[in-house]
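In what follows, a structure is listed as structure tokens, so that the remarks can point back to it.
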Amino acid sequence: MLVLGRSQVETLLDMDALIDAMASAMADLSAGRASAPDRVAALVPEQEGLLAAMPGFVPSAGVLMSKLVSLFPHNAGTPLPTHQALIVVFDPDTGEPAALLDGSVITAARTAACSALSVRLLARQDATVLAVLGTGVQARSHARAICRVRPVRQVRVAGRDPAKAAAVAEELSSVLEAEVRAASSYAEALDGAHIAAATTHALEPVIRRPWLSAGVHITSVGYNPAGREVDDATVAEALVCVESRQAALAPFPAGSNDLLTPIRNGLITADHVHAELGELVLGSTTGRSSPEQITLYKSVGVAVQDAAAAALVVTAAREQSIGEEITLW
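In terms of the numbering used here, the sequence shown is residues 67 to 395.
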């Protein structure tokens, strides 16, 4: 069995290839070819934490795998990340364990890659201003990924802690060609933005309709069982897209409060979800209908994303003879 550590996975992941792989995986999922049951989780109430299991099979990538991912929000501000994960890849022909790899880098990269795919499919072609809400790993990965699919000239970073926002902005300035600056508030970051990437653990919405300009595309990937990132007014007005209707509208721990809460309150119905990304990739459903339309991609994370990313990493590792081979039995 091939074993790959975090730094090796990071080296092997190619973001452009990963965005394309997300498109294929989303198409497989929407077409019914992939298998990705709803996420299940064991809860650790004392830490407000959980350990989730996410198995998936993606025929187009020839990969069968399962991810184990922990979410411990109290790790924020410590040397440990809030999300930590392992992925085990199995031979889809025999079921034999084939690879074990760090899943934390993959989780960050595939989430950002799928957000970038949503930008490619739904954002205006002339989108040049990106607002990044949040100051964690996902904020960094989203800025890098989204700048690969639109001609972003300015990136604004906002978070609860101004010092952290400034630090992220300084870090991104060294790797992006765009002008990057810290904003003093979420509202300031969103003012006039063409793309908004929400990557927070927010209890209260960081995306609010009065703060948005016409034509903005929003990606929301934050997950807090007790909170949400997007307010009712934005959800109600936006063209809403998801990875999977089944996953997004499923009960905790799989679904999204951003959608389930307004449905429960009678503001919208489940039919308000316009499309899955895979349907947009396949062309079976249309996307943006006007330059002024607000579009929203609400992500909950699905296993086919991890599977497609793991397949890229394992293939590249074998081609480049990277990683350690171990014998289990």
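For every residue, glycine included, the Cβ atom is placed at its ideal position computed from N, Cα and C.
- Leaving aside the five residues that flank G353 on each side, the residues in its chain whose CB is nearer than 6 Å to its CB run, in chain order, L187, L188 and L346.
- Boundaries cannot be given for R190, as no alpha helix (DSSP H) includes it and DSSP labels it neither H nor E.
- Taking a contact to require three or more Cβ pairs closer than 8 Å, the stretch 365-378 and the stretch 113-124 qualify as touching.
- The Cβ atoms of K364 and S310 lie no closer than 7 Å to each other.
- Each residue's CA atom was taken as its position, placing F156 and A165 some 7 Å apart.
- K230 sits close to T201, with the two beta carbons spaced by under 7 Å.
- Looking at Q312, I360, E236 and V379, the one whose alpha-carbon comes closest to that of G98 is Q312.
- The C-beta distance from R105 to P291 rounds to 12 Å, too long to fall under 8 Å, and the pair is not in contact.
- For A374, the closest alpha carbon among the candidates A316, S90 and R190 is that of S90.
- Rounded to whole angstroms, D297 and N141 show a C-alpha spacing of 26 Å.
- In the displayed model, R72 falls within a helix according to three-state DSSP.
- For Q312, no beta strand (DSSP E) segment is defined; the enclosing uninterrupted segment is the alpha helix (DSSP H) at R311 to A314.
- Exclusion of the five residues before and after S136 leaves G115, L116, L117, A118, H149, Q150 and A151 as the residues of its chain whose Cβ lies within less than 8 Å of its Cβ.
- DSSP places S239 within a helical segment (H, G or I) once states are collapsed to three.
- In the structure shown, the three-state DSSP call for I261 is strand.
- Less than 7 Å divides the Cβ of V379 from the Cβ of V75.
- In chain order, L116 place their CB closer than 7 Å to the CB of V110, counting only its own chain and leaving out the 5 sequence neighbours on each side.
- Straight across, the Cα-Cα distance linking A263 with W395 is about 45 Å.
- Two segments are said to touch when three or more pairs of C-beta atoms, one from each, lie closer than 8 Å; by this definition the stretch 158-177 touches the stretch 76-89.
- Note on geometry: alpha-carbon atoms of A377 and A93 lie some 16 Å from one another.
- For a cut-off of 8 Å, the C-beta gap from A299 to E358 is around 16 Å, too long to register as a contact.
- A336 counts as exposed, since fewer than 16 other C-beta atoms from the protein chains shown sit within 10 angstroms of its C-beta.
- Separation of L95 and V301 (C-alpha to C-alpha, rounded to the nearest whole angstrom) is 24 Å.
- Distance check between P317 and each of T351, E303, V366 and V339 places V366 closest, using alpha-carbon atoms only.
- Of the candidates C180, M131, A193 and S356, M131 places its Cα closest to the Cα of T160.
- Relative to D227, the option among A248, S239, H338 and V69 whose CA is nearest is A248.
- In this structure, DSSP gives L278 a state outside helix and strand, which the three-state scheme calls coil.
- In this structure D324 touches E295 by the C-beta definition: roughly 6 Å separates them, less than 8 Å.
- Exclusion of the five residues before and after H338 leaves V306 as the residues of its chain whose Cβ lies within less than 7 Å of its Cβ.
- By alpha-carbon distance to S181, the top candidate from V195, Q191, E162 and Q204 is Q204.
- Assignment of G122 by DSSP, reduced to helix, strand and coil, places it in the strand class.
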